[in-house]
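K.L.:
Structure below; questions to follow.
2 protein chains.
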Amino acid sequence: MYSSELIKGTLKTIILKLLSDNDKMYGYEITHKVKELTGGKIQLTEGALYPTLHALEAQGILSTDVVNVGNRIRKYYSVTPSGKKVATEKVNEFSEFLDTMIFLLDLQPKVG
Amino acid sequence: MYSSELIKGTLKTIILKLLSDNDKMYGYEITHKVKELTGGKIQLTEGALYPTLHALEAQGILSTDVVNVGNRIRKYYSVTPSGKKVATEKVNEFSEFLDTMIFLLDLQPKVG
DNA sequence: AATAATACATAATTTTCTTAGGTATATAAA
DNA sequence: TTTATATACCTAAGAAAATTATGTATTATT
Numbered sequence: 005m006y007s008s009e010l011i012k013g014t015l016k017t018i019i020l021k022l023l024s025d026n027d028k029m030y031g032y033e034i035t036h037k038v039k040e041l042t043g044g045k046i047q048l049t050e051g052a053l054y055p056t057l058h059a060l061e062a063q064g065i066l067s068t069d070v071v072n073v074g075n076r077i078r079k080y081y082s083v084t085p086s087g088k089k090v091a092t093e094k095v096n097e098f099s100e101f102l103d104t105m106i107f108l109l110d111l112q113p114k115v116g
Numbered sequence: 005m006y007s008s009e010l011i012k013g014t015l016k017t018i019i020l021k022l023l024s025d026n027d028k029m030y031g032y033e034i035t036h037k038v039k040e041l042t043g044g045k046i047q048l049t050e051g052a053l054y055p056t057l058h059a060l061e062a063q064g065i066l067s068t069d070v071v072n073v074g075n076r077i078r079k080y081y082s083v084t085p086s087g088k089k090v091a092t093e094k095v096n097e098f099s100e101f102l103d104t105m106i107f108l109l110d111l112q113p114k115v116g
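Rendered as structure tokens:
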């Protein structure tokens, strides 16, 4: 688990990347997917996640589809057509930022 | 210039890396060095820098040496012996975080 | 029956940064 | 010579983003 300081500012980028790749996901699913993919090193908190999802929806970047699963609701989020562009830009900007930080901190990243 | 959101949480790491490599630097020098090294993509603001330097000093991670240059003062910061360990840990943690983000966002970093 | 997991949400507080200002000296340009 | 720019420190009010702590409710497991 990384110090929360490090993860600051990455939430929107992570959400938009996952939703770009997965067509539709719901909040609870996002937190678990991120935890799984990072081996528990990044754990999104609901207090940060839900307000961010709501904000992205209000900005027209995400759209929602509320589904009933038994007696429980599940709110699926998808990237809107106009949101796709924003998502790509966010990820690209983060990628450039990483390159800058790798240079600045003189790091040797593992290449996948 | 990256969106400020992206840079959030990286200030301490940047400061500690620069001071680890450069023995001693003063605040104004740090902002200019970072701007120079990143081609203007990262510009530290004084309102963020100085309080952080003061906090790191209060924590015993940095020590200061005030020098008179003409009639002006210049406050040099250095990493203390015990601070060296903190600095290394910070940079290492950031390095691991980068690897995690590269995997999570499916990025291909430039290798230096 | 009690606990954990699923699934949503908000509100108070804290952390961190931005914006905007303040002080003062030295240098370059108009 | 006055004005602007650069050097060099600093703080305080406010905004932004996250944490922590709750709250509601259903479903599955022990």
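Heads up: the protein sequence lines correspond to chains X and H, in order. Under this note's numbering, think of the first position of the first sequence as 5, with each following residue one higher. Under this note's numbering, think of the first position of the second sequence as 5, with each following residue one higher. Idealized CB from N, CA, C, for every residue including glycine.
#1: I'd like the ranges of any alpha helix (DSSP H) spanning at least 4 consecutive residues and lying wholly in the stretch 44 to 75 of chain H.
#2: Please state the DSSP three-state secondary structure of residue 30 (chain X).
#3: What is the DSSP secondary structure of residue 82 (chain X), counted as helix, strand or coil?
#4: To which residues of the same chain is residue 86 (chain X) closer than 7 Å at the C-beta, ignoring the five residues directly before and after it?
#5: Does the beta carbon of residue 6 (chain H) come closer than 8 Å to any beta carbon on chain X?
#6: Could you please tell me which residues of the stretch 96 to 111 of chain X, in chain order, have their CB closer than 8 Å to any CB of chain H?
#7: With DSSP as the reference, please indicate the residues paired to residue 19 (chain H) in a beta bridge.
#8: Closer than 8 Å, CB to CB, is residue 153 (chain X) near chain H or not?
#9: Measure the Cβ-Cβ separation of residue 54 (chain X) and residue 31 (chain X) and say whether it is below 8 Å.
#10: Can you find a C-beta in chain X that's less than 8 Å from the C-beta of residue 34 (chain H)?
#11: Using a Cβ cut-off of 9 Å, pull out every chain H residue sitting near residue 65 (chain X), in sequence order please.
#12: Measure the alpha-carbon distance for residue 96 (chain X) versus residue 22 (chain X) and round it to whole angstroms.
#13: Establish whether the CB of residue 13 (chain H) and some CB of chain X are separated by less than 8 Å.
P.N.:
Taking the definition as stated:
#1: Counting only runs of 4+ residues, the alpha helix (DSSP H) found wholly inside the stretch 44 to 75 of chain H occupies 50 to 62, in chain order.
#2: Here residue 30 (chain X) sits in strand by DSSP.
#3: In this structure, DSSP gives residue 82 (chain X) an extended state, which the three-state scheme calls strand.
#4: If you ignore the 5 residues before and after residue 86 (chain X), its C-beta comes within less than 7 Å of the C-beta of 64, all in its own chain and listed in chain order.
#5: Chain X has a Cβ within less than 8 Å of the Cβ of residue 6 (chain H).
#6: Correct list: 97, 98, 99, 100, 101, 102, 103, 104, 105, 106, 107, 108, 109, 110 and 111.
#7: Answer by DSSP bridge pairing: none, since residue 19 (chain H) is not bridged.
#8: Residue 153 (chain X) is absent from the structure shown; chain X starts at 5 and stops at 116.
#9: Their beta carbons are under 8 Å apart, which means residue 54 (chain X) touches residue 31 (chain X) by this criterion.
#10: No, because no Cβ of chain X sits closer than 8 Å to the Cβ of residue 34 (chain H).
#11: Those do not exist, as residue 65 (chain X) stays about 14 Å from chain H at its closest Cβ, beyond 9 Å.
#12: Cα to Cα, residue 96 (chain X) sits roughly 14 Å from residue 22 (chain X).
#13: Cβ-Cβ to chain X under 8 Å: yes for residue 13 (chain H).
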